[in-house]
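Residues in the sequence shown are numbered consecutively from 1, following the UniProt record's numbering.
No residue lacks a Cβ here, since even glycine has one placed at the ideal position from N, Cα and C.
Remember, it's a predicted structure, so these values are computed and weren't measured experimentally.
Have a look at the structure below before the remarks.
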Amino acid sequence: MRAIQITEFGGPEVLTLADLPEPVAGPGQVLVDVTRAGVNYADTHQAENTYLAASKLPMVPGGEIAGTAGGRRVVGLTADGGGYAEKALALEGALYDIPDGVDDMTALGLIVQGATAWVMLRKSVHLEPGETVVVHAAAGGVGTLAVQLAKAFGAGRVIATASSPEKREFALSLGADVAVDPATPELRKALIEANGGRRVDVVLEMTGGTVTDQSLAALAPFGRLAFYGMASREQPSPISAPSLLRHSTAVVGMWLPHVLTLPGDIMRRAMTELFDLAAAGTLKVVNGGEYALTDARSAHEALRSRKTIGKLVLDPSR
1 MRAIQITEFG GPEVLTLADL PEPVAGPGQV LVDVTRAGVN YADTHQAENT
51 YLAASKLPMV PGGEIAGTAG GRRVVGLTAD GGGYAEKALA LEGALYDIPD
101 GVDDMTALGL IVQGATAWVM LRKSVHLEPG ETVVVHAAAG GVGTLAVQLA
151 KAFGAGRVIA TASSPEKREF ALSLGADVAV DPATPELRKA LIEANGGRRV
201 DVVLEMTGGT VTDQSLAALA PFGRLAFYGM ASREQPSPIS APSLLRHSTA
251 VVGMWLPHVL TLPGDIMRRA MTELFDLAAA GTLKVVNGGE YALTDARSAH
301 EALRSRKTIG KLVLDPSR
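Here it is in structure tokens:
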């Protein structure tokens, strides 16, 4: 079968088309004929071995797939990567039927980015009605969905940040109340001004560096920051206990694989609500581009350039 394989760590140039044996399902795994594979920013970290979990070579990247299995249309998380291929193994416990009327692009946008936004808002920060939510990288895969979900879950005000005027306008079109340039020299002040002079209640942050530092400084008493990535590859300043006490603030990390270890099947609850919202037209996955499997490098280059909007997928048939 055709697949994208990585045999050395690095940038997009290490993604190489290869002819590999079809994977064989083991216990708790399901073989899926892949019709679309999701592309995430985390994949760029895995390619250079800078992700939370160490990568092993050789490797076929890709943590999410849509396709068919046993006559069903399904979307799922892969057993151990392998999504950038014509066939891949999905975790049986993280495989979901795609409802009628939901396309592959939408399903793939929901299973990682949508679920990430859902878990952060529902579980990490426990969003309460009327609170102000800051969504950084609001034009990205998670950000576009987080803006919409925050509104659907009762946020009083959603402040989006994005790196270009076009992206900020797009975030406003998704329902954000105001959009801010994260590169502004005094981001803390800009976020507070965008909230009518009041500190903000919730921040969803995946940039790192000074954006994290300035966002923490903008939190109101009992404000919460959920940190789920570091796209800038810049470490934020160390957080001290006294700094948390100063405004009774909280910092929460969120990595989606941990959700699968929780009792109560939180992931299935998330997917059920996300599918319902998508079917009702309340939640829209933004099509950020469909690439041929042979053009996977271009997808990674686009992500790393920070010029993309919405969800990127690969088509293994091309």
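Inset, instruction - Starting from the C-beta of S298, find all residues in its chain whose C-beta is less than 8 angstroms away, skip the five residues before and the five after it, and write them out in chain order. - result: So the list reads P12 and Y291, once near-sequence residues are dropped.
Legend entry - T7 burial status per 10 Å Cβ neighbour count (16 or more: buried): It is exposed - the Cβ of T7 has fewer than 16 other Cβ atoms within 10 Å.
Inset, instruction - Measure the alpha-carbon distance for S55 versus S317 and round it to whole angstroms. - result: Taken atom to atom, the span from the alpha-carbon of S55 to that of S317 is near 26 angstroms.
Legend entry - Beta-carbon separation (whole angstroms), A25 vs V313, contact threshold 8 angstroms: About 23 angstroms separates the beta carbons of A25 and V313, which is beyond the 8 angstroms limit, so they are not a contact pair.
Inset, instruction - Evaluate contact between the stretch 147 to 162 and the stretch 217 to 226, counting only Cβ atoms and requiring at least three cross-stretch pairs below 8 angstroms. - result: Taking 8 angstroms as the limit for Cβ pairs, the verdict is that the stretch 217 to 226 does not touch the stretch 147 to 162.
Inset, instruction - Return the chain-ordered list of same chain residues with a C-beta closer than 6 angstroms to the C-beta of V203, the five sequence neighbours on each side being excluded. - result: For V203, same chain residues with a beta-carbon under 6 angstroms away, outside a window of 5 residues either side, are V134, S215 and L225 in chain order.
Legend entry - Helix, strand or coil at D43 according to DSSP, with G and I counted as helix: Assignment of D43 by DSSP, reduced to helix, strand and coil, places it in the helix class.
Inset, instruction - Quick one: residues in its chain with C-beta nearer than 6 angstroms to the C-beta of L91, no 5 flanking neighbours on either side, listed in chain order? - result: Cβ neighbours of L91 beyond the five flanking positions: L77 and A79.
Inset, instruction - Tell me whether the beta-carbon of E22 lies closer than 8 angstroms to the beta-carbon of K123. - result: No, the pair does not count as a contact, with Cβ atoms beyond the cut-off.
Inset, instruction - Could you please give the first and the last residue of the uninterrupted beta strand (DSSP E) stretch that includes E92? - result: Per DSSP, E92 belongs to the beta strand (DSSP E) from K87 to D97.
Inset, instruction - Could you check the C-alpha separation between I309 and A137 for me, to the nearest Å? - result: About 10 angstroms.
Legend entry - Inter-residue spacing [alpha-carbon to alpha-carbon] between L127 and R306: Each residue's Cα considered, the two are about 28 angstroms apart.
Inset, instruction - Return the chain-ordered list of same chain residues with a C-beta closer than 8 angstroms to the C-beta of M267, the five sequence neighbours on each side being excluded. - result: Around M267, the same chain offers A94, A115, V259 and L260 as residues with beta carbons nearer than 8 angstroms, after the five sequence neighbours per side are excluded.
Inset, instruction - With distances taken Cα to Cα, identify the nearest neighbour of M188 among R168, E166, I159 and G130. - result: The sequence shown places Arg at residue 188, rather than the Met named in the question. The residue with the shortest Cα to Cα distance from R188 is I159.
Inset, instruction - Take D43 as the anchor and find which of A53, D177 and P27 has the nearest alpha-carbon. - result: Of A53, D177 and P27, the residue nearest in Cα terms is A53.
Legend entry - Minimum Cβ-Cβ distance from R306 to chain C less than 8 angstroms: Checking the listed chains, one finds no chain C in this structure; it contains a single protein chain.
Inset, instruction - Measure the alpha-carbon distance for residue 321 versus L110 and round it to whole angstroms. - result: The shown model of the chain, from 1 to 318, leaves out residue 321, and the question about it has no answer.
Inset, instruction - Spatial neighbours of S294 within its chain, please: CB distance less than 6 angstroms, with the 5 preceding and 5 following residues excluded, ordered by chain position. - result: The residue you asked about is not Ser; residue 294 is Thr in the sequence shown. Closer than 6 angstroms at the Cβ level, and outside the excluded window around T294, lie L17.
Inset, instruction - Would you kindly check if the distance between the Cβ of G209 and the Cβ of E186 is under 8 angstroms? - result: Not closer than 8 angstroms, so no.
Inset, instruction - Please report how far the alpha carbon of V30 lies from the alpha carbon of S163, in whole angstroms. - result: About 40 angstroms.
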